[in-house]
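Engineer: Please find one structure pasted underneath; my questions will follow.
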């Protein structure tokens, strides 16, 4: 199994809450009813809601989803251990399977002002990132021109 991609996102909790206050229906577009409520039926805190949205942004980056992510097709749910996990469906699940995805790791942290999420997508397909060779080649070409060879800086 290989890492297909990683994604991370940071959300400003007060800014997220302001958007939801101005456009309340936005919450229903971004998060499923289960994501919006605690087990006791009460609404989650702004930090918890922002973290769930941030997780979806990180997922989009990790799996290289093209265009707008259909928000309702990726749901943050608790795993058996209680740790956050994803339930995928629809186009997001189809895309994940198409890239050879088999597993997603999700880490969420938040406080009163910021949330941060980190997603690792694993699978049998090729990596979605260029790898160190691709990064080094891009860096060499951007620094020294497209004809420069990897590992060889031209004389000045």
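Numbering (the numbering used here), first residue to last: 1367 to 1522. Ideal Cβ placement from N, Cα and C applies to all residues, glycine included. Just so you know, these numbers come straight off a predicted model, no measurement behind them.
Given a threshold of 16 other Cβ atoms within 10 Å of its Cβ, counted over all protein chains shown, does residue 1447 qualify as buried or as exposed?
Structural biologist: Counting from 1 along the chain shown, the entry for residue 1447 is found at position 81. Label assigned to residue 1447: exposed.
Engineer: With respect to the alpha helix (DSSP H) encompassing residue 1431, which residues constitute its N-terminal and C-terminal limits?
Structural biologist: Taking the chain shown and counting its residues from 1, the one referred to as residue 1431 is at position 65. Residue 1431 -> no alpha helix (DSSP H), and no H or E assigned at all.
Engineer: If you run the structure through DSSP and keep just helix, strand and coil, what is residue 1461?
Structural biologist: In the chain shown, counting from the first residue as 1, residue 1461 sits at position 95. Residue state, collapsed to three classes: helix.
Engineer: Cα separation between residue 1461 and residue 1373?
Structural biologist: Walking along the chain shown from the start, residue 1461 turns up at place 95. Walking along the chain shown from the start, residue 1373 turns up at place 7. Taking the straight line joining both Cα atoms gives about 16 Å.
Engineer: Terminal residues of the continuous beta strand (DSSP E) containing residue 1490?
Structural biologist: Here residue 1490 refers to the residue found at position 124 of the chain shown. That residue, residue 1490, is in no beta strand (DSSP E); it is neither H nor E in DSSP.
Engineer: With 16 other CB atoms within 10 Å as the buried threshold, where does residue 1445 fall?
Structural biologist: As a position in the chain shown, residue 1445 is number 79, starting the count at 1. When all chains shown are included, residue 1445 counts as exposed.
Engineer: Compute the Euclidean distance between the alpha carbons of residue 1371 and residue 1433, then round it to the nearest angstrom.
Structural biologist: Taking the chain shown and counting its residues from 1, the one referred to as residue 1371 is at position 5. Taking the chain shown and counting its residues from 1, the one referred to as residue 1433 is at position 67. For residue 1371 and residue 1433, the distance between alpha carbons rounds to 17 Å.
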